[in-house]
Amino acid sequence: MNTTVVASELGVSTKTVQRWVKQLDFPASRNEYGHYEFTNEDVEALKKIKDQLKNGASMHEVASKSENHKKAFVWTERTGFDHGQKEYIIALEQKLENLSQRANAEMEHMGKIISNLEKKLTQKADDVVSYQLLQHRRELEDLQSKLVDMEEQLQKSNEKLAATEMAASIENQKPKKRLKSLFSFS
Numbered sequence: 053m054n055t056t057v058v059a060s061e062l063g064v065s066t067k068t069v070q071r072w073v074k075q076l077d078f079p080a081s082r083n084e085y086g087h088y089e090f091t092n093e094d095v096e097a098l099k100k101i102k103d104q105l106k107n108g109a110s111m112h113e114v115a116s117k118s119e120n121h122k123k124a125f126v127w128t129e130r131t132g133f134d135h136g137q138k139e140y141i142i143a144l145e146q147k148l149e150n151l152s153q154r155a156n157a158e159m160e161h162m163g164k165i166i167s168n169l170e171k172k173l174t175q176k177a178d179d180v181v182s183y184q185l186l187q188h189r190r191e192l193e194d195l196q197s198k199l200v201d202m203e204e205q206l207q208k209s210n211e212k213l214a215a216t217e218m219a220a221s222i223e224n225q226k227p228k229k230r231l232k233s234l235f236s237f238s
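Given below as structure tokens:
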């Protein structure tokens, strides 16, 4: 029986039957066109699954119960297969294998490209950090140089101020002595 017949017998949509088969890894066989084919035993098992789900069981619970009933997916071989169809299937399998190998090679190549890009990105980030550190070092050296210059200017200003104060105190003392000697009353 095909999916449509089984779905109408169960009273569900074909999508529901397909979803159950996929989610529960239901052991349905496939025909030469890739369509599901169900036996009477499969239909009975699907009825049990429907009843379990209807009674409130979760998909996970149903999946664990159906583990005991699994069998491998197989292509049904009918006596109506002619030699050309078998060759066509073999050719398709070879093409699929070639595509799979090419896809794996492409994935490996993409992985190498991504790895190289990551290395370049890391190197670029390191270069940026190094450049920033050099800039900060230069700025610190400039600030340190300015600080040394300011200290020297401050020291010179202090020396000039001290010399000026000393000269002023000497001048202040001299006129007082002269004035004192001129106007002394003793």
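Last residue of the sequence shown: number 238 in this note's numbering, and the count goes up by one each step with no gaps.
Ideal placement from N, C-alpha and C gives every residue a C-beta, glycine not left out.
Membership of N92 in the alpha helix (DSSP H) is indicated by the continuous run N92 to K106. For E89, the beta-bridge partners assigned by DSSP are S81. Residue environment for L186: exposed (fewer than 16 other C-beta atoms within 10 angstroms of its C-beta). Annotated three-state conformation of G163 is helix, per DSSP.
With a contact defined as Cβ atoms closer than 8 Å, T55 and Q70 qualify at about 6 Å. Excluding five sequence positions before and after M53, the CB atoms of its chain that fall closer than 6 Å to its own CB belong to F90, given in chain order. As the crow flies, the alpha-carbon of D94 is around 52 Å from that of N168. Burial state of V73 is buried, judged by a 10 Å Cβ sphere holding 16 or more other Cβ atoms. In the same chain as K198, and ignoring 5 residues on each side of it, no C-beta atom comes closer than 6 Å to its own. Classified as buried, L76 has 16 or more neighbouring CB atoms from the shown chains inside 10 Å of its CB.
Beta-carbon to beta-carbon, L105 and V58 are separated by about 15 Å, too far to satisfy the 8 Å threshold. Looking at the backbone, the Cα of P79 and that of T68 are separated by about 16 Å.
About 7 Å separates the Cβ atoms of Q137 and E84, confirming a contact at the 8 Å cut-off.
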